[in-house]
Amino acid sequence: MAEEKELKNLVIQGAVYKTTYTKRFENRVNYVSPDPNELYSFIPGTIIDLFVKTKQKVKEGETLLLLEAMKMENQVRMPFDGEIVKIHVKKGEVIPNRHLMIEIKPTK
Amino acid sequence: MSLRSNVLDLRKRKKEVQKGGGDKAIEKQVKMGKLTARERILALLDKNSFHEYDLFVEHAAKDFGMEGKTLHGDGVIIGTGTIYDKPVCIFAQDFTVAGGSLGLMHARKITKIMDHALKMRVPLIGINDSGGARIQEGVNSLAGYGEIFFRNTLASGVIPQISVILGPCAGGAVYSPALTDFVFVVENISKMFITGPSVVKSVLGEEVSMEELGGAKVHAEVTGNAHFYAETEMECFDQIKTLISFIPRSNLKKALPHKPKAPLKGVKVEDIVPADPRIPYDMRDVLKSITDGSEFFEVMERFAPNIIVGFGRMNGETVGFVANQPMVLAGVLDIDSSDKAARFIRYCDAFNIPIITMEDLPGYLPGVDQEHAGVIRHGAKILYAYSEATVPKVTVILRKAYGGGYIAMNSRHLRADFVFAWPTAEIAVMGPEGAANIVFRKEIAEAENPDEMRQQKIEEYKEKFANPYVAAAQGYIDEVIEPSDTRSRILHALQVSENKSASMPAKKHGIPPF
Numbered sequence: 023m024a025e026e027k028e029l030k031n032l033v034i035q036g037a038v039y040k041t042t043y044t045k046r047f048e049n050r051v052n053y054v055s056p057d058p059n060e061l062y063s064f065i066p067g068t069i070i071d072l073f074v075k076t077k078q079k080v081k082e083g084e085t086l087l088l089l090e091a092m093k094m095e096n097q098v099r100m101p102f103d104g105e106i107v108k109i110h111v112k113k114g115e116v117i118p119n120r121h122l123m124i125e126i127k128p129t130k
Numbered sequence: 045m046s047l048r049s050n051v052l053d054l055r056k057r058k059k060e061v062q063k064g065g066g067d068k069a070i071e072k073q074v075k076m077g078k079l080t081a082r083e084r085i086l087a088l089l090d091k092n093s094f095h096e097y098d099l100f101v102e103h104a105a106k107d108f109g110m111e112g113k114t115l116h117g118d119g120v121i122i123g124t125g126t127i128y129d130k131p132v133c134i135f136a137q138d139f140t141v142a143g144g145s146l147g148l149m150h151a152r153k154i155t156k157i158m159d160h161a162l163k164m165r166v167p168l169i170g171i172n173d174s175g176g177a178r179i180q181e182g183v184n185s186l187a188g189y190g191e192i193f194f195r196n197t198l199a200s201g202v203i204p205q206i207s208v209i210l211g212p213c214a215g216g217a218v219y220s221p222a223l224t225d226f227v228f229v230v231e232n233i234s235k236m237f238i239t240g241p242s243v244v245k246s247v248l249g250e251e252v253s254m255e256e257l258g259g260a261k262v263h264a265e266v267t268g269n270a271h272f273y274a275e276t277e278m279e280c281f282d283q284i285k286t287l288i289s290f291i292p293r294s295n296l297k298k299a300l301p302h303k304p305k306a307p308l309k310g311v312k313v314e315d316i317v318p319a320d321p322r323i324p325y326d327m328r329d330v331l332k333s334i335t336d337g338s339e340f341f342e343v344m345e346r347f348a349p350n351i352i353v354g355f356g357r358m359n360g361e362t363v364g365f366v367a368n369q370p371m372v373l374a375g376v377l378d379i380d381s382s383d384k385a386a387r388f389i390r391y392c393d394a395f396n397i398p399i400i401t402m403e404d405l406p407g408y409l410p411g412v413d414q415e416h417a418g419v420i421r422h423g424a425k426i427l428y429a430y431s432e433a434t435v436p437k438v439t440v441i442l443r444k445a446y447g448g449g450y451i452a453m454n455s456r457h458l459r460a461d462f463v464f465a466w467p468t469a470e471i472a473v474m475g476p477e478g479a480a481n482i483v484f485r486k487e488i489a490e491a492e493n494p495d496e497m498r499q500q501k502i503e504e505y506k507e508k509f510a511n512p513y514v515a516a517a518q519g520y521i522d523e524v525i526e527p528s529d530t531r532s533r534i535l536h537a538l539q540v541s542e543n544k545s546a547s548m549p550a551k552k553h554g555i556p557p558f
């Protein structure tokens, strides 16, 4: 199995090792710091209602949309006072987990 | 009146029931590329050794039109037999009878043979091929599963429990195999999942095939739920027989010794391993250079291949090997490899099998994904497993033994009985490259030519610390050995450890980092 693969480099504490990779290692996702201005889905589901429009000013705690998943309606709320920058989903759309739903920005 | 007519009547009844779900259902089973439950048992056990019990058990369902139906043996065959002349208890679900669905009497048959196996201290083999709970029997079916899981847990660490997945095994049913010691799967035949593709699709909108979700390869390579993978049922039965030959009948026994054999000639350990710790080799070749007959029976070959676990024999006696594999991810410890090794170590400890650790690793795998997925608690499992193991424990350090990896891989500090090191061993807090950068940070930064200075300092550090003699001076390793003496030193260590007496403080049980 391993012998047929081409050797690759793996750096650990400054030393370069010749070795092969596992699938899990190759498929690992590079970490990106979360952007507070991007609202992602936290579960796969359906957008059953959308209450805001682009450029609308929204207060902290106001409900932006309803995401139905596992027979539950999840209210996605505004995390701070701000404005809707861009909406990436439509009413009725089925979305996967970690899908960008809405971009927002805080009021200055 | 002669008995003759009664005997003939018995034979007729048996013949009728032994047909299971009947010719049509059997034809369907064959079309799916599967053997029948009875064929499987006969193929696995010694010839003419199988004895069946509860053949005439009938189902107990009264609702939904079930009362008039006949389900031969209620969809499961139980009995006893032998493998290599040693007794085993066995059950096999019969998919031709109501899809092998589990009802009250079906479960009662399984728990009967499980109780028997535990009482008699013989291995239990379960062949799973079932559509799941028999919906018509409602909560009685769930009760049946619960009774099975409970017994799996009672028997854990007392008798070997082997699960063979030869068909669907879905929903709650998967937890019985998950509680047993070894799970066998076969390409295209085994399917295991908690919720099937249709539910996944309707609830989550994710499209996935049964094979992609819970096929044999997935469990052997990705989830780590399966320990052995075969391409055909017959190959799978051969694997089970080989496994049985390596393990003891119960935790009260030792594995039966085989005739001692020398390793095959022409496999020289010193020709396999390069002196440069950054150049890989296949650790399996090293294992085969020291085991009897150069035989090594690998467990979980496809999962977390950066560590190797499995059985071999030394002077005829079964031993368990845990070995870093420099050929994959430089042999690092990570979440999956720690989990895999820890489980195997606990198996060996429970069943009186000495553990030989072959060490060559640069440490733990760095990365956000590892940290966030819990490498701390998963990595702790291997420390826990080695520390609590009281069977003979021998360590051979071939090359790298850096940092936390050194401690984890059955170091003296976790009560290894014997620690040997090759002259190429580097036992240090980290590799020379990393250490020089920290220790000589200032000198390197202030040098006219930092790169040159770094190289110089790396060499300096290498000279001083990248060897086995610093640890040897502390008594952390017992002996620096020539690689060609590896087998003879292990054999001697095992001989000395034969009557090893070690124990843990009295307790109900520890709290391992599950």
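Those sequence lines, one after another, are chains A and B. So for the first sequence, the numbering used here puts the first residue at 23; every next one is plus one. So for the second sequence, the numbering used here puts the first residue at 45; every next one is plus one. Even glycine gets a Cβ: it sits at the ideal position worked out from N, Cα and C.
*Cβ distance (whole Å) where A299 (chain B) is taken to contact T362 (chain B) below 8 Å*: 4 Å
*Mind checking who C280 (chain B) pairs with in its DSSP beta bridge?*
Bridge partners of C280 (chain B): none, in fact.
_Nearest neighbour of A217 (chain B), chosen from B:V262, B:K544, B:N196, B:G337 [CA to CA]_ = B:N196
*Note the first and the last residue of the continuous beta strand (DSSP E) segment covering M123 (chain A).*
Residue range 122 to 128 is occupied by the beta strand (DSSP E) that includes M123 (chain A).
*Own chain residues within Cβ distance below 6 Å of M23 (chain A), not counting five before or after*: Note that M23 (chain A) scores 44 on pLDDT, short of 50, meaning its location in the model is unreliable; the coordinates nonetheless yield the value given after this. If we look at M23 (chain A) and ignore the five residues flanking it on each side, it has no Cβ neighbours.
*Which chain A residues sit within Cβ distance under 7 Å of R32 (chain B)?*
Nothing about residue 32 (chain B) can be reported from this structure: the residues present for chain B run from 45 to 558 only.
*Straight-line gap, E25 (chain A) to R443 (chain B) (C-alpha atoms, nearest Å)*: Below a pLDDT of 50, predicted positions are generally treated as unreliable, and E25 (chain A), at 49, falls in that range; no measurement from the model is reported.
*asked:* What would DSSP say about K309 (chain B), mapped onto helix, strand or coil?
replied: Correct three-state label for K309 (chain B): coil.
*Which same chain residues, not among the five before or five after S289 (chain B), have their C-beta less than 7 Å away from its C-beta?*
For S289 (chain B), where only same-chain residues beyond five positions count, the Cβ hits under 7 Å are Y128.
*Using a cut-off of 8 Å between C-beta atoms, extract the partners of M92 (chain A) located in chain B.*
V247
*Does Y62 (chain A) come within less than 8 Å of chain B when only Cβ atoms are used?*
Using beta-carbon distances, Y62 (chain A) does not count as an interface residue toward chain B, since no partner is under 8 Å.
_I'd like to know whether the C-beta atoms of P167 (chain B) and I206 (chain B) end up nearer to each other than 8 Å._
yes
*Can you list, in chain order, the residues of the region 451 to 477 of chain B whose Cβ is nearer than 8 Å to any Cβ on chain A?*
M474, G475, P476, E477
*Take the Cβ of S174 (chain B) as the centre, count every other Cβ of all protein chains shown within 10 Å, and call the residue buried at 16 or more, exposed below.*
buried
_Between the alpha carbons of Q62 (chain B) and Q73 (chain B), how many angstroms are there, rounded?_
15 Å
*Would you call G478 (chain B) buried or exposed, if buried means 16 or more other Cβ atoms sit within 10 Å of its Cβ?*
Sixteen is the threshold: when 16 or more other Cβ atoms of the shown chains lie within 10 Å of the Cβ of G478 (chain B), as they do, the residue is buried.
_Suppose only complete runs of 4+ residues qualify. What are the alpha helix (DSSP H) ranges in the region 304 to 356 of chain B, listed by chain order?_
313 to 316, 327 to 334
*Taking 8 Å as the CB-CB cut-off, is E25 (chain A) touching chain B?*
Because the pLDDT of E25 (chain A) is 49, which lies under 50, any placement of that residue in the model is unreliable, and the question is left without a value.
*For a contact meaning CB atoms closer than 7 Å, what does L373 (chain B) contact in chain A?*
L32, T41, Y43, T44, F47
*V372 (chain B) and I389 (chain B): beta carbons closer than 8 Å?*
No, the pair does not count as a contact, with Cβ atoms beyond the cut-off.
*Ignore the nearest five residues each way along the sequence and tell me which others in R453 (chain B)'s own chain have a CB closer than 6 Å to its CB.*
Residue 453 (chain B) is actually Met in this sequence, not Arg. In chain order, T401, E403 place their CB closer than 6 Å to the CB of M453 (chain B), counting only its own chain and leaving out the 5 sequence neighbours on each side.
*Taking C-beta pairs closer than 7 Å, name the residues in chain B that V98 (chain A) reaches, listed in chain order.*
Correct list: empty, because the minimum Cβ distance to chain B is about 17 Å.
_P476 (chain B) versus G519 (chain B): straight-line alpha-carbon distance, rounded_ = 22 Å
*According to the Cβ coordinates, are P556 (chain B) and P512 (chain B) closer than 8 Å?*
no
*Hey, out of B:A546, B:S200, B:V252, whose CA is closest to S294 (chain B)'s CA?*
B:S200
*List, in order along the chain, the chain A residues whose C-beta lies closer than 7 Å to that of E504 (chain B)?*
Correct list: empty, because the minimum Cβ distance to chain A is about 15 Å.
_Please report whether the beta-carbon of G258 (chain B) lies at a distance below 8 Å from any beta-carbon of chain A._
no
*Since G411 (chain B) meets chain A, which of its residues come closer than 7 Å, beta carbon to beta carbon?*
R50
*Using a cut-off of 8 Å between C-beta atoms, extract the partners of E569 (chain B) located in chain A.*
The displayed coordinates of chain B run from 45 to 558. Any statement about residue 569 (chain B) would go beyond what the structure contains.
_Helix, strand or coil at M453 (chain B) according to DSSP, with G and I counted as helix_ = coil
*Given that N481 (chain B) touches chain A, what residues does it touch there, using C-beta distances under 8 Å?*
Going along chain A in sequence order, the residues near N481 (chain B) (Cβ under 8 Å) are G36.
*Answer with yes or no whether the minimum CB distance from L29 (chain A) to chain B is below 8 Å.*
yes
_Top-ranked residue by Cα proximity to R357 (chain B), from B:A306, B:R322, B:L186, B:S185_ = B:A306
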